[in-house]
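Enquirer: Residue numbering for the sequence shown follows this note's numbering, starting at -13 and increasing by one per position.
C-beta: ideal position from N, C-alpha, C; glycine also.
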Amino acid sequence: MRLGVSTYSYWHFTPERVEVETVIDKAAELDLDGVEILHRQMASEEKSYLQNLKRRAFIQGLDLYALSIHQGFVFPNAGERNKNVDHTIHCIELAYDLGIPAIRLNSGRWGTIKSFDELMRHGGNEPVLPGYTEDDAFDWIIESIEKCLPFAEKNGVILGLENHWGLTNSPRGVDRIVSAIDSDWLMVTMDCGNFLDEPYEKLEQISSQAVLVHAKTYYGGGEWYTLELDYVRIADILKDVGFNGYISLEFEGKADADVGVPKSVALLRKAFQL
């Protein structure tokens, strides 16, 4: 296994954005193996910007191993779903330009709870949109992902469906989507902090499909919630299924990132024996 950091660890959607270049430099100082880029944190999509990020990482001995994007496919309106398909395809092509082999993919959610803080108070679950069913939503998600997969294969970019909020808030939801699609280019991004109850049992259920692991830590208390995760136990779960990919730190605590990230790196190095 290899250890990297998401640029999100240094920027939790605050008004003052932390530059991706800054995170690359800090990752090198921490002797990490690579960096995951949050798409919304990028300052530009110009070719020159992308190539400079790639150059900066390579010179410092770092992989750019994942691009974390924001999209969703839970819309009754086909036009809205297709906008998100187009955005996903665009991000696949950005990942290719950056030399990145995987992207974090969301299923999407109903949007019946507008406030993210309120959504967190409901454990990431929300009511179904009136007039529709969960079966409708899963059909939309599966159809949309299938439209993206030819572009993923063409560009050599794996789609890592995350156990995020909404329809993938349970192992059952994740498996329903992945099992319905016969493609080597759809796998799972296993987020250790997104199952708020019985996390180890649920993580074990999706671990064999994982292409990427998000390891959340919460020094200083979490931005929305705090979990006391046993990463030795999680390491054993991943070893049991032969996972050899990236453990990607997502520091989500309120402590200063220059304190929380190094502490998190030390924790994960010890737990995963890296």
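1) Tell me the DSSP secondary structure of SER169 in three-state form.
2) Using only the alpha-carbon positions, how far apart do GLY(-10) and THR203 sit?
3) Under a Cβ-count criterion, where at least 16 other Cβ atoms within 10 Å of its own Cβ denotes burial, should PRO113 be classed as buried or exposed?
4) Just grab the DSSP bridge partners of ILE89 for me.
5) Are the stretch 126 to 141 and the stretch 182 to 194 in contact at 8 Å, needing three or more beta carbon pairs?
6) If I follow the unbroken beta strand (DSSP E) through ALA201, where does it start and stop?
7) Using only alpha-carbon positions, find the residue among ALA196, PRO87, ASP170 that is nearest to GLY228.
8) Grouping DSSP H, G and I as helix and E and B as strand, with all else coil, what is ARG107?
9) Which partner residues does ILE75 have in the DSSP bridge list?
10) Report the three-state DSSP secondary structure of ARG(-12) (helix, strand or coil).
11) Candidates ILE144, SER165, ALA64, GLU32: which alpha carbon is nearest LEU198's?
12) Please report how far the alpha carbon of GLY246 lies from the alpha carbon of GLU236, in whole angstroms.
13) Between the C-alpha atoms of GLY117 and LYS133, what's the straight-line distance to the nearest angstrom?
14) Straight-line CA distance for ARG219 to GLY207?
15) Ignore the nearest five residues each way along the sequence and tell me which others in LYS249's own chain have a CB closer than 7 Å to its CB.
16) Going by the CB atoms, is the gap between ASN149 and ILE192 shorter than 9 Å?
17) Once the 5 residues before and after ALA201 are set aside, which same chain residues still bring their CB inside 6 Å of it?
18) Expressed to the nearest angstrom, what Euclidean distance is found between the alpha-carbon atoms of ASP242 and LEU18?
19) Would you tell me roughly how many angstroms separate the C-alpha atoms of ALA252 and ASN70, rounded to the nearest one?
20) Assuming LEU182 and TYR211 make a contact with CB atoms under 8 Å, what is their CB distance in whole Å?
21) Is the distance from the Cβ of LEU36 to the Cβ of GLU7 below 9 Å?
22) Since I believe HIS(-2) is in contact with GLU209 (beta carbons under 8 Å), could you give me their beta-carbon distance rounded to a whole number of angstroms?
23) So the beta strand (DSSP E) PHE237 belongs to, where does it begin and stop?
24) What whole-angstrom Cβ distance do LEU153 and ARG95 have, given they're in contact under 8 Å?
25) Taking buried to mean at least 16 other C-beta atoms within 10 Å of its own C-beta, is ILE23 buried or exposed?
26) Taking only the alpha-carbon atoms, compute the straight-line gap between ASN111 and LYS33 and give it to the nearest angstrom.
27) Taking just the CA atoms, how far does LEU224 sit from ASP161?
28) Using the Cβ count rule (16 or more neighbours within 10 Å means buried), how would you classify PHE61?
29) Which of the three DSSP states, helix, strand or coil, is assigned to ILE99?
Expert: The answer reads as follows:
1) coil
2) 14 Å
3) exposed
4) LEU53, LEU145
5) no
6) 196 to 203
7) ALA196
8) helix
9) Paired residue(s): none; ILE75 is not in a bridge.
10) strand
11) ILE144
12) 10 Å
13) 25 Å
14) 22 Å
15) TYR205
16) yes
17) CYS178, ILE233, LEU235, LEU254
18) 19 Å
19) 37 Å
20) 7 Å
21) no
22) 6 Å
23) 232 to 237
24) 7 Å
25) buried
26) 39 Å
27) 17 Å
28) buried
29) coil
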